[in-house]
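K.L.:
In my numbering, the protein residues as written are 2 to 141.
Every residue gets a Cβ at the ideal spot worked out from N, C-alpha and C, and that includes glycine.
Because the structure is a prediction, the values reported are computed rather than measured.
One structure is given below, represented as structure tokens, and several questions about it will come after.
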Amino acid sequence: MTENDNPITATFIPSLSYDDPMAAIEWLERAFGFTRRLVVPGPDGTVLHSELSFGNGVVMIGSTKPDEKRLSPNHLGGCNQVLSAYVADPEAHYKRAIEAGAKIIRELRTEEYGARGFMCEDPEGHIWYFGDYVPGAHWE
């Protein structure tokens, strides 16, 4: 497969670790609208690898691997990154996330740079920002 044949257009593809990756996958589908592409099960209910689509982006979800220092934020007392995703309708996405039980960290608002969005936490502590911001668009 050449780079031009690759159906994934995202440059970065984050990989997140969860203690209960199958529950996380189901929750991300329900709360945020991700689409399951692939799940590779491992022993004892673990997930070796998975891929979820969101728009033209992909995120990979897997089981925690302490020997590789891949832990759920549950074990860290916090999270050191925020995953950001574009949504055309931040209000509708905000309502969907709340209905699924997302913990809102920053309420839906219009940002200083003009975008509208919100920040929330998933059940294991990964932090997500959803908004209508398109990086670089304000420079054109």
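(1) I'd like to know whether the C-beta atoms of A24 and D123 end up nearer to each other than 8 Å.
(2) Below 8 Å, how does it come out for the stretch 114-129 and the stretch 82-96: are there three or more Cβ pairs, yes or no?
(3) For D20, collect the residues of the same chain with a Cβ closer than 7 Å to its Cβ; drop the 5 residues on either side in sequence, then sort them by chain order.
(4) Using three-state DSSP, classify E69 as helix, strand or coil.
(5) Going residue by residue through the stretch 33-69, where are the continuous alpha helix (DSSP H) segments of at least 4 residues, counting only ones entirely within it?
(6) Just to confirm my understanding: we take I106, look at its own chain, exclude 5 residues before and 5 after, and list those with CB closer than 7 Å. What are they?
(7) Identify whether L77 lies in helix, strand or coil by the three-state DSSP scheme.
(8) Name the two residues that bound the continuous beta strand (DSSP E) containing Y130.
(9) I believe S18 touches G63 by the beta-carbon criterion, under 8 Å. Please report the beta-carbon distance rounded to the nearest angstrom.
P.N.:
Result, derived from the coordinates:
(1) Start at 1 with the first residue of the sequence shown, and residue 24 comes out as number 23. Start at 1 with the first residue of the sequence shown, and residue 123 comes out as number 122. It is not a contact, given that the beta carbons lie outside the stated cut-off.
(2) yes
(3) Here residue 20 is taken as the residue at index 19 of the sequence shown, counted from 1. Cβ within range, chain order: T65, S73, N75 and E125.
(4) Taking the first residue of the sequence shown as position 1, residue 69 is located at position 68. Here E69 sits in helix by DSSP.
(5) none
(6) As a first step, residue 106 must be located in the sequence shown, where it is residue number 105. For I106, where only same-chain residues beyond five positions count, the Cβ hits under 7 Å are M120, C121, E122 and I128.
(7) Working through the sequence shown from its first residue, we reach residue 77 at position 76. Of the three classes helix, strand and coil, the one that applies to L77 here is coil, per DSSP.
(8) Here residue 130 refers to the residue found at position 129 when the sequence shown is read from its first residue. Where Y130 is concerned, the enclosing beta strand (DSSP E) stretches over I128 to G132.
(9) Working through the sequence shown from its first residue, we reach residue 18 at position 17. Working through the sequence shown from its first residue, we reach residue 63 at position 62. Confirmed, Cβ separation roughly 6 Å.
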